[in-house]
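This note's numbering numbers the first residue of the sequence shown as 764 and each following residue consecutively.
Glycine residues also receive a C-beta, built at the ideal position from the N, C-alpha and C atoms.
Below you'll find the structure, written out as structure tokens, and then a few comments.
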Amino acid sequence: MDVNITVFLVLAPLAAWMYPVYVPPNSTAYIHADLPPALCNVTGTLQIDKPTTVACVNTALQPAPLRGSLSVEYPTPPPQPPPPAPEAPIVAVAAGAAAAAGLSHLASNRRELLAAPVVAIAARVKRAVAEDPARREILNVVEKMGAATLSQIAKATGRGWGAVQWHLYVLEREGRVRSVRIGPFTYYYVNPRAAAEVILSSVDPETLSPEDREKLDLMASSL
């Protein structure tokens, strides 16, 4: 069973959005999260063996938009590609005035949230069939575009976000594509030099952080 959501939230000051993930006894679940790391305690792909809460906390004194996607996979029976995510995003506005005290406590314990028992699952993922037509199509799109976000790939292939996210996850674990986070976006690519050129042409270099600039410089200098 797979659960897929597209998230668009406007978090009020000192507000939080939380999504509890249930794990059956003696089982595991995979969380695939494309959420802002500055706000949320889970990004990337994680494996859990006990109930966990995906939490995004706005500790700033002004509203903060939260965009991204989240899917939860229960790999019993063996994992299958999830169905396409709903086209319409989930829209919510969280008011935090009444819950400021409790949310402040939650924000102060973000390190405990980040320390939730999660283990990398690369060793547990079976290598997918190389000639899978959906993954071959996605790989061709990524190679042709040089660097592309999840939404750009979904639009180019006409596939749902959830399905594209799953196939990208498998391709990345196989080492056939790579990803890099620049600003609020995660880009997927095959050739790092070509990807650096595409990303630099699509952003204002003056807005790049030193960390992001260093990532792109390393990619541009790759052989």
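Exposure of residue i, with buried meaning 16 or more beta-carbon neighbours within 10 Å
{"i": "residue 917", "result": "buried"}
{"i": "residue 947", "result": "exposed"}
{"i": "residue 829", "result": "buried"}
{"i": "residue 798", "result": "buried"}
{"i": "residue 974", "result": "exposed"}
{"i": "residue 942", "result": "buried"}
{"i": "residue 778", "result": "buried"}
{"i": "residue 741", "result": "Any property of residue 741 remains undetermined from this structure, which presents the chain solely from 764 to 986."}
{"i": "residue 796", "result": "buried"}
Run of the alpha helix (DSSP H) containing residue i, from where it starts to where it stops
{"i": "residue 774", "result": "Element bounds for residue 774: not the alpha helix (DSSP H) but the beta strand (DSSP E), 765-774."}
{"i": "residue 896", "result": "896-908"}
{"i": "residue 837", "result": "Neither: residue 837 is in no alpha helix (DSSP H) and is coded neither H nor E."}
Closest Cα partner of residue i within the set the options
{"i": "residue 983", "options": "817, 969, 962", "result": "962"}
{"i": "residue 977", "options": "945, 954, 957", "result": "945"}
{"i": "residue 815", "options": "781, 824, 797", "result": "781"}
{"i": "residue 900", "options": "821, 834, 920", "result": "920"}
{"i": "residue 958", "options": "908, 789, 895", "result": "908"}
{"i": "residue 834", "options": "955, 821, 826, 817", "result": "817"}
{"i": "residue 931", "options": "772, 808, 800", "result": "808"}
{"i": "residue 935", "options": "922, 924, 972, 950", "result": "950"}
{"i": "residue 837", "options": "801, 784, 925", "result": "784"}
{"i": "residue 923", "options": "981, 832, 968", "result": "832"}
{"i": "residue 911", "options": "822, 940, 925", "result": "940"}
Residue span of the beta strand (DSSP E) that contains residue i, given as start and end
{"i": "residue 969", "result": "Element bounds for residue 969: n/a, residue is neither H nor E."}
{"i": "residue 985", "result": "Per DSSP, residue 985 belongs to no beta strand (DSSP E) and is neither H nor E."}
{"i": "residue 816", "result": "815-821"}
Supposed close pair residue i, residue j - CB separation, criterion 8 Å
{"i": "residue 805", "j": "residue 794", "result": "6 Å"}
{"i": "residue 1034", "j": "residue 792", "result": "As displayed, the chain neither begins before 764 nor continues past 986, which places residue 1034 out of reach and without an answer."}
{"i": "residue 788", "j": "residue 825", "result": "Not confirmed; about 43 Å, so no contact."}
{"i": "residue 905", "j": "residue 953", "result": "6 Å"}
Heavy atom of the ligand FAD within 7 Å of residue i beta-carbon
{"i": "residue 904", "result": "Summarising the ligand content, the structure contains no ligands, and the ligand FAD is consequently not present."}
Notebook entry, point to check: Residue ranges of each beta strand (DSSP E) run of no fewer than 3 residues wholly in the segment 781-813, ordered along the chain?
Noted result: 792-797, 807-811
Item checked: Runs of alpha helix (DSSP H) lying entirely within the segment 918-983, each at least 4 residues, in chain order -> Qualifying alpha helix (DSSP H) stretches, in chain order: 924-936, 955-965, 973-983.
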